[in-house]
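Protein chains: 4
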Amino acid sequence: MSEIGIGVVGGGYMGKAHSVAMAAVGAVFGTTLRPRLEMIAASSAESAERYRAAFGFARATGDWRELVADPRVEAVVIATPQELHLEIAEAAFARGLPVMCEKPMGASLDEAEAMVRAAEGHVSMVGYNYVRTPATQFARKLVADGEIGDVTWFRGEHTEDFLADPQAPASWRTSGDANGTIGDLSPHMINCALALLGPIASVNAEIATVHGIRPGGEVTNDDHAQFMCRFASGVMGHLYFSRVATGRKMGYAYEITGTKGAIRFDQEDQNALWLYRAEGPEAERGFRKILTGPAHPDYEPFCLGPGHGTGYQDQIIIEARDFLQAIETGAPVWPTFADGLEVMRIIDAARRSAETRAWVDMAL
Amino acid sequence: MSEIGIGVVGGGYMGKAHSVAMAAVGAVFGTTLRPRLEMIAASSAESAERYRAAFGFARATGDWRELVADPRVEAVVIATPQELHLEIAEAAFARGLPVMCEKPMGASLDEAEAMVRAAEGHVSMVGYNYVRTPATQFARKLVADGEIGDVTWFRGEHTEDFLADPQAPASWRTSGDANGTIGDLSPHMINCALALLGPIASVNAEIATVHGIRPGGEVTNDDHAQFMCRFASGVMGHLYFSRVATGRKMGYAYEITGTKGAIRFDQEDQNALWLYRAEGPEAERGFRKILTGPAHPDYEPFCLGPGHGTGYQDQIIIEARDFLQAIETGAPVWPTFADGLEVMRIIDAARRSAETRAWVDMAL
Amino acid sequence: MSEIGIGVVGGGYMGKAHSVAMAAVGAVFGTTLRPRLEMIAASSAESAERYRAAFGFARATGDWRELVADPRVEAVVIATPQELHLEIAEAAFARGLPVMCEKPMGASLDEAEAMVRAAEGHVSMVGYNYVRTPATQFARKLVADGEIGDVTWFRGEHTEDFLADPQAPASWRTSGDANGTIGDLSPHMINCALALLGPIASVNAEIATVHGIRPGGEVTNDDHAQFMCRFASGVMGHLYFSRVATGRKMGYAYEITGTKGAIRFDQEDQNALWLYRAEGPEAERGFRKILTGPAHPDYEPFCLGPGHGTGYQDQIIIEARDFLQAIETGAPVWPTFADGLEVMRIIDAARRSAETRAWVDMAL
Amino acid sequence: MSEIGIGVVGGGYMGKAHSVAMAAVGAVFGTTLRPRLEMIAASSAESAERYRAAFGFARATGDWRELVADPRVEAVVIATPQELHLEIAEAAFARGLPVMCEKPMGASLDEAEAMVRAAEGHVSMVGYNYVRTPATQFARKLVADGEIGDVTWFRGEHTEDFLADPQAPASWRTSGDANGTIGDLSPHMINCALALLGPIASVNAEIATVHGIRPGGEVTNDDHAQFMCRFASGVMGHLYFSRVATGRKMGYAYEITGTKGAIRFDQEDQNALWLYRAEGPEAERGFRKILTGPAHPDYEPFCLGPGHGTGYQDQIIIEARDFLQAIETGAPVWPTFADGLEVMRIIDAARRSAETRAWVDMAL
């Protein structure tokens, strides 16, 4: 067993999640590589110190460059606004450090491409935590093993309602493409669709701002969007993303139809996977609600009892385990920056499709 | 109270449903006009006689023309294959009889248009029974009354799995546009979308045959289809139709998002409507599962107890009541043939969209 | 095919349900014996005439004795308050007529016993409609066929909330044992338990009035009750009945645990049966939600499409079919008056148990 | 901020859970007192060393006495079999250390009483983690605040199926009262009932062994049990416990009925609380599914997004926070050993009730 000094840049929502994960992952998974919470960076020395104390890091800094340059920092987690992703990643890779970066990669397709170039020869990973629930890992395995036959249809959504109220004021969230719904919410479910069904070949998208004016100013990015898509396998699909989906809190949900079965999942009940098998007497067929348990991927380290459930933070702990394994083996771990770039390319194609009101072929 | 002689053409699935409805509607609703099961027609005298005996009609005939011409037949229900709809309707209207016709209207857009012309000045009605459940009637009222605010998104589907098995043999169902998924399944949910949100302004569709070859021959119509659409109100929407949706038995389902609330419904649990209201303390918000009862439209005649539930046949009985009312008042009842034509126009636009891979504007 | 003249006594809630059922059953099931709605009786000539017109009977009377004595009345349905059940049944049996009587049988155990004596040699049936849903019929078959192995536990409830509001006024419902919760609500679920698991051997009950005073007067019967019970098979069970179960509209629900599987059902979603089978890979086990369809008992006559659903009224139609079959064959049909008496005996034992605060053995 | 040296006795299921919680609690809650994983004890030096390495403790020992005596151990978590609870607790209290002990307290009522005596003047806590989910904490608050009015009925269960298979072999689980269903499973839900509704005044129980013989030997403890109970408030209740509940994985579930509303919860979907309010138009009433989020107790430290969910391990982290707070303030934290004793007393009363087949009054 050996130690590795972790530097986390950003102490907000995801910065905290990664810090807790790094504190817990060793005990949960008994990893041979053990994270040492070495340094945390934030936008000011004061906030960084506050995060340090709260999360249990050894040191703090108001300058991320100091963190990246520190000799005791041996791996970097980037949990800042997207605008900083590229610069920090380049600096970390320049030192040869492994980097886990929160989604989306960079603030634009160009930046994402630059990040992939910078990552070459290094360990990189994008923070798509939701595909790591035991339920979705199991769904992925069922599909890959052909358990539901040939897939014929996929429907995915990521819907929340944090801006559903038209009176919610304009803010940083309501300007900048990267903060809009397809910039901010869509990457998780696009990544999930790729994980479950493989590459997307073409898209036909609509992107819209529902509430153009909010108290405090104009809204300059999108509220919701839908994509019709075709996977490279020929499967027809549909994706929907919304931050104005009244009533939806964590509507990361998908349906997969196959010739021999079907799967349904909704993150709002993340410990259940619904499976239908077109077999046995007609009178006994139905979607079964499978509760995750030790029989499913990465569940048992959290609890020996089935149905006892894992939660949001546990997904980040699984992600931390994967990052540590990548570091130990030197091998890239899915999704790498290159994988994350594919998500950005699909978003870019969707933007072009919405503008031209036409199908966009990913191969072109 | 007075009587009216009913003639039903067709004794299969829907012919039986309408016959039962005509037998029961008086007792259920205490209608002032009472149906008398006068005559049933089928493709042969033998099968007609069998239906007559089973359903309780006074007379039977193997020739629908005889039925339409019979002086004791005062209203006609058409429940034949689509190919016959136009001819029968024209003959009935020529005699000045009220006509209820099963969906879809005619076998093509041209036929549907001819049916509308023939219906002018007469009582006509299309058999869209599903919009008549107490739950969907209530949803329609909630939306119309602005209870969920301005609608911002609609998603509808009609998915079943009766041809999901690739080994299901080729049959009449697998040839002919009118028998394909958008010809046969899509009209109900398109009608529902129109009922709930008003006119559709444009569509962008994909239509596909998943299993091109089946035991016994080639499949020449579609297995599933998706439409992106815009309502005239500007609301973005999505529709999906499938007869290969493994696991789905009666997936007539919709979600309506508004600025003040949201609604969810699935015909597989037709006695529940899910309503979310963006009001009250955040900690107490959630979709509530409303069980239909006497407080909802057209429930109480079936049962005084809430949550006791209505079923498929009851929808047809409600429809029969509406048809009788239209006859009594002489006024058309939604959806008339003209309303039904709108569904056919949308299907036609979708076909053109799928061919051209482009948006089609309904106004053009 | 032959006709039978039906006389219905009572035109309220259940009187209407049976009248509609008699109007529809022939067309639905194609019965060889066809009901003719001959006469309806109510507490006054005026209300009887109103029911006659509404439901479509040939004649009406304000005196049930006239109905029972009428030569054209060939079968009697009793849907009056319990206090009249015995007298009407005795008169009908005296004329040799078949009798269907609404539950509970009589207003007391003594009356129920007298009804059984009167029914000897005649066709009798008690109106336990809920056991006739396709879902519960299927559950009964699964249990009987050993599909869930040896049963080890049963939990049933019948809970509604029509008197949950403490401000709901005192009325006929709040006085008289027969109108209390165990008098009025419990018989259905007790009958269901007997149907599913066989005889009950002993009970230990608590019976309580939650709101002793209501606007308008004192409450002199019970609001809710629970029974621990042992079936003759040794299976442990629990039953709960309540008319003050806030939020429950039709909580006729049960869970059956077996060594090889388990079943769950809730009448509030009467078209679904939940089945768990302890077989196959652990990772794929879960309760499956089976939607009723043509593969289940008595569904297909109502609709050819699975998942399209039956409702409350349809149960009464199934019951009417069973009554007609009993009349045709002369054979008793479950549950006969003798079967219904067993329910009354259990209620009586529960009352004694609640008074003595001790187990009561049914055999004593 | 200061540190406290934690000693954990036992490295199995719960020993791991508490170790992970102690590793994570500081970062999650920003506690002022920070646990230092000082020492872990197990039944042998080898297994202790394995646990030490896996969970990240500084030291290990095969003798719990050494741990309790160690000057750097400042608080003790007991996660051993029940037989050792008393002895370890006494030794720790003798040194003046705060003790958190897993349920049930001791192997018998006598031992539990001795533990309470030993705990006097010290910080003690029993590990009832399930009452600490955000959903159940919120339910408790709703009830306490009178949000559902006066409670009239409570039903709770803790059902699992780990011994549902009759062919599961005899083991330590199948002998010894403390390992039976009421010894092992019932304490959690009894504690929950007390937390939600206050003291239980009397019980009437049935306790049974379903499978008396298993491969490998006789079963000498109970498989399932039911209690009718009355709370001190007069509320009627029912509790059911089973380890043979085929299909149930974590059936820790309850229903609370009140005069103004009702609550339902099932740990198998621990991030949802179902609330019914008897207010507003009848047509809009229904149980609402509330997803836990930052608006609910102890959720936000785990995630800022509502509906993103917490899991089993998070409950133990909340528990660790409560234990640390108790240590800091010196004040006892619910449930203390004295609270835990009440659970043991109810179990004892239930055993006596089952033997005598009679109600047992807790006050006697």
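Chains Y, U, H and P supply the protein sequences, listed in that same order. With our numbering, letter number 123 in the first sequence gets 123, and the count goes up by one each step, no holes. To convert, count from 1 in the second sequence and add 364; that's our numbering. To convert, count from 1 in the third sequence and add 728; that's our numbering. To convert, count from 1 in the fourth sequence and add 1092; that's our numbering. Each residue gets a CB set at the ideal place from its N, CA and C atoms; glycine is no exception. Computed from a prediction, not measured in an experiment: that's the story for all the values here.
Does DSSP classify residue i as helix, strand or coil?
i                : result
R416 of chain U  : helix
M833 of chain H  : coil
Y1027 of chain H : coil
Y494 of chain U  : helix
R351 of chain Y  : helix
F421 of chain U  : coil
E1239 of chain P : coil
T1244 of chain P : strand
G62 of chain Y   : coil
V333 of chain Y  : coil
K977 of chain H  : coil
D905 of chain H  : helix
What first and last residue would you give for the beta strand (DSSP E) that runs through residue i?
i                : result
S1294 of chain P : 1292-1300
Q954 of chain H  : 952-959
A817 of chain H  : Taken as a continuous stretch (DSSP letters only), A817 of chain H belongs to no beta strand (DSSP E), being part of the alpha helix (DSSP H) at 813-822.
S535 of chain U  : Premise fails: S535 of chain U is in no beta strand (DSSP E) and is neither H nor E.
L291 of chain Y  : 287-291
A1133 of chain P : 1125-1133
In chain P, which residues lie less than 8 Å from residue i when you measure between Cβ atoms?
i               : result
R649 of chain U : R1380, I1382
A659 of chain U : P1373, E1374, A1375
Since residue i contacts residue j with CB under 8 Å, what's their CB separation in whole angstroms?
i                : j                : result
T1124 of chain P : V1117 of chain P : At roughly 12 Å, the Cβ-Cβ gap does not stay under 8 Å, so T1124 of chain P and V1117 of chain P are not in contact.
I654 of chain U  : I512 of chain U  : So it is not a contact: roughly 13 Å between Cβ atoms.
R285 of chain Y  : G261 of chain Y  : Between G261 of chain Y and R285 of chain Y the Cβ distance is about 10 Å, and since that is not below 8 Å, they are no contact.
A1186 of chain P : M1197 of chain P : Contact doesn't hold; Cβ gap of about 17 Å is too wide.
G176 of chain Y  : N221 of chain Y  : 6 Å
V1088 of chain H : V931 of chain H  : 6 Å
Cβ closer than 9 Å: which chain Y residues qualify as neighbours of residue i?
i                : result
S1111 of chain P : A27
Return yes when the Cβ of residue j is within less than 8 Å of the Cβ of residue i, no when it is not.
i                : j                : result
M736 of chain U  : E524 of chain U  : This structure cannot settle anything about residue 736 of chain U, because the visible part of chain U is limited to 365 through 728.
E934 of chain H  : A1082 of chain H : yes
T310 of chain Y  : P134 of chain Y  : yes
H1036 of chain H : Y676 of chain U  : yes
S852 of chain H  : T1057 of chain H : no
E766 of chain H  : F785 of chain H  : yes
Q631 of chain U  : A609 of chain U  : no
At a CB-CB cut-off below 7 Å, which residues of chain H make contact with residue i?
i               : result
F302 of chain Y : In chain order: nothing, as chain H lies at least about 16 Å away.
Along the chain, where does the alpha helix (DSSP H) containing residue i start, and where does it finish?
i               : result
H18 of chain Y  : 13-29
D266 of chain Y : No alpha helix (DSSP H) contains D266 of chain Y, which is instead part of the beta strand (DSSP E) from 261-266.
L196 of chain Y : 186-197
Give the interface partners of residue i over in chain Y, defined as CB-CB distance under 7 Å, in chain order.
i               : result
S606 of chain U : W153
F866 of chain H : A283
What residues from chain P crowd round residue i, counting only those whose CB sits closer than 9 Å?
i               : result
Q376 of chain Y : The question about residue 376 of chain Y has no answer, for chain Y in this structure spans 1 to 364.
A596 of chain U : Neighbours of A596 of chain U on chain P: none; closest Cβ ~28 Å, over 9 Å.
Interface residues of chain P around residue i at Cβ under 7 Å?
i               : result
V938 of chain H : T1244
Since residue i meets chain H, which of its residues come closer than 8 Å, beta carbon to beta carbon?
i               : result
L275 of chain Y : E1012, G1014
Just to make sure I have the definition right: I need the residues of chain U whose C-beta is within less than 9 Å of the C-beta of residue i. Which are they?
i               : result
R762 of chain H : G420
What residues of chain H sit near residue i, judged by a beta carbon separation below 9 Å?
i                : result
G1353 of chain P : T974, G975
I want to verify the contact list: residues of chain Y whose CB lies under 8 Å from the CB of residue i, in sequence order.
i                : result
M1093 of chain P : A53
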